[in-house]
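To start, the structure itself, in C-alpha cells.
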Amino acid sequence: LHPAMTAATSSATDFACDSLPASATMPSLVVFDLDATLWTPELYQLRKLPGYKDASGPGPVANKDVKLFDGAKGALREVASAERWKGCKVAVASRTNKGPWAKSLLKQFEVDDGSGRSLDALIDFKEIFTGDKTRHFESLREKTGIAYEDMLFFDDAKGGRYGNCEPVARMGVMSVHTPEGLTSEVWKNAVEAFAAAKAAGGGDR
C-alpha cells in the first residue's frame, strides 16, 4: 500500500508524467474508485433526490448535485491527452449500490480538455457493482490480460470492514489512498512512485 500525500490542491499545471525520465515505465491500467475519489458527495448521500431507493431517473446532475475533485479533473485530463499515457487503459471500480446513477454521471461529465469527450468514452472498463473490490480487480485482470503489478489504483477507503486499498494491494496492485479525494499531489506522487517501483524491480505497494 503506497502512502498518500493528502494536500488538497496544487497550482502546478504540468502533467505528472512530465517529471519522469524518458525510460520510466507507465502503468498499463489506471483504476479509479468513484465516490469520494473522483467525485463528491458519495451517491448514497443523495437521499433527497427522486428515485433514490432504486437509483432510477432522472438521477443526479453532473456539476450540480455531484462534482469532480479538481485533482481528479487534472488526472483524467492528463491520461486523456498526454503522449506518455497513450498505451494506458483506464478503468473505474466502484462498490456503489447506485450503479445507474454512477453510469449516468460518467456520461454527463466531460474530460477537462475542451474536446467534449465524456468520461464514459474515456474509461475503457467499468466495474460498478456491490461487494468485495477484489472481485472488481479479478474481473479487470480477466478482461484486460494486464497483470496486477502493472496496475495503479486510487481509492478513498483504506482498510477495515469497508476498506479497498489494503485488500487490493495484497493482490499486487499499487494502491493509493485518497482520504480527501484525488488531489494533484496524490496523483503526481503515485505516478512517480509507480515508475520508481518499476525501476527498482518492485517497490512498496
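Throughout, the working numbering is defined as the position within the sequence shown, counted from one, plus 59. Here a beta-carbon is modelled for each residue, glycine too, at the ideal position from N, C-alpha and C. Just so it is clear, the structure is predicted and the values come from calculations on it, not from any experiment.
Quick check on the burial criterion: 16 or more other C-beta atoms within 10 angstroms. Buried or exposed for residue 201? Exposed, since its Cβ has fewer than 16 Cβ neighbours within 10 Å.
Alpha carbon to alpha carbon, how far is residue 218 from residue 166? Rounded to whole angstroms, residue 218 to residue 166 spans 30 Å at the Cα level.
Assign residue 263 to one of three DSSP states: helix, strand, or coil. For residue 263, the pLDDT reaches just 49, beneath the cut-off of 50, and the residue's location in the model is therefore unreliable, although a value from the coordinates is still provided. The answer is coil: DSSP assigns residue 263 none of H, G, I, E or B.
How long is the line joining the alpha carbons of residue 68 and residue 206, rounded to whole angstroms? In this prediction, residue 68 scores a pLDDT of 36, lower than 50, which makes its location untrustworthy; the coordinate-derived value is nonetheless stated afterwards. If I take the Cα positions, the gap works out to 32 Å.
Beta-carbon proximity list for residue 251, same chain, < 8 Å, skipping 5 on both sides: 75, 78, 79.
Between the CA atoms of residue 208 and residue 231 - distance to the nearest angstrom: Counting only the Cα atoms, residue 208 lies some 5 Å from residue 231.
Under a three-way DSSP split, which group does residue 169 fall into? Residue state, collapsed to three classes: strand.
How many angstroms separate the CA atom of residue 174 from the CA atom of residue 138? Rounded to the nearest angstrom, the two C-alpha atoms are 13 Å apart.
With residue 178 as the anchor, note down where its alpha helix (DSSP H) starts and where it stops. In the DSSP annotation of this structure, the continuous segment of the alpha helix (DSSP H) that includes residue 178 starts and ends at 178-181.
In three-state terms, what does DSSP make of residue 159? DSSP places residue 159 in helix when its eight states are reduced to three.
Every unbroken beta strand (DSSP E) inside the stretch 174-224 [3 residues or more]: Counting only runs of at least 3 residues, the stretch 174-224 fully encloses the following beta strand (DSSP E) elements, listed from N- to C-terminal order: 184-187, 210-214.
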